[in-house]
Amino acid sequence: MMQGSAGNGVDIVTAILIALGLSSTGLEFLGGVALAVAGAFSASRILAAGMVKNAIPLGFIGTLTTGLFVSVIVALMAENMLPSWPVQLPMAVGGFLSSFIAPLVLKIAARISSRGDIIANRAIDRFLPGSDDHRG
Numbered sequence: 002m003m004q005g006s007a008g009n010g011v012d013i014v015t016a017i018l019i020a021l022g023l024s025s026t027g028l029e030f031l032g033g034v035a036l037a038v039a040g041a042f043s044a045s046r047i048l049a050a051g052m053v054k055n056a057i058p059l060g061f062i063g064t065l066t067t068g069l070f071v072s073v074i075v076a077l078m079a080e081n082m083l084p085s086w087p088v089q090l091p092m093a094v095g096g097f098l099s100s101f102i103a104p105l106v107l108k109i110a111a112r113i114s115s116r117g118d119i120i121a122n123r124a125i126d127r128f129l130p131g132s133d134d135h136r137g
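Just so you know, the sequence shown maps onto residues 2 to 137 in the working numbering.
This is the structure:
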């Protein structure tokens, strides 16, 4: 009876993977997720120890969700770009690097947000050139 429950759990994971467009098995993917989360927490410990200058470690939930998110994105990329590699390897590397990449992405997003009007005006001027007075 217990084995049937485990089989149903793996079937659900496999269905989710198919919905995401991944062709790896549920167990391969779960192994990659476990390695990615372990890598994310290892990187978080490195950041917390102050081994990287001016780095702020993410909290528990931030590290967990960032590691999971990045590992799924890396799995999607790895299946297309590195089909001969086991999916767990790029997922583990992606999970480790996620703690370093997340602050960079947040800084870029903040800069874009603070300069949103300037960026929008330049895009409009570039793609829709012409006079600002459209009354004729």
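All residues carry an ideal CB built from backbone N, CA and C; glycine is no exception.
Drop a sphere of 10 angstroms on the beta-carbon of residue i, count the other beta-carbons inside from all chains shown, and report buried for 16 or more, exposed for fewer.
i	result
residue 92	buried
residue 60	exposed
residue 5	At residue 5, the pLDDT of 49 sits below 50, so the modelled position is not reliable; the number obtained from the coordinates is stated separately. Classification of residue 5: exposed, given that the 10 Å Cβ count is below 16.
residue 123	exposed
residue 16	exposed
residue 1	Only positions 2 to 137 of the chain appear in the structure, and residue 1 is not among them; the question remains open.
residue 147	For residue 147 there is no data in the structure shown, the boundaries of the chain being 2 and 137.
residue 42	buried
residue 110	exposed
residue 79	buried
residue 36	buried
Looking at residue j and residue i, is the spacing between their C-beta atoms short of 8 angstroms?
i	j	result
residue 115	residue 64	no
residue 163	residue 14	Given that the chain is displayed from residue 2 to residue 137, the structure contains no residue 163 and the question cannot be resolved.
residue 77	residue 18	no
residue 97	residue 20	no
residue 75	residue 30	no
residue 119	residue 113	no
Let me know the alpha helix (DSSP H) ranges lying completely inside the region 11-84, each 4 residues or longer, listed in chain order. With a minimum length of 4 residues, the continuous alpha helix (DSSP H) runs that stay inside the region 11-84 are 27-49, 61-82.
At least 3 beta-carbon pairs within less than 8 angstroms: the region 65-72 vs the region 94-109: Segments in contact, yes.
Ignoring anything shorter than 4 residues or poking outside the region 88-137, list the alpha helix (DSSP H) runs there in chain order. 89-115, 117-128, all fully within the region 88-137.
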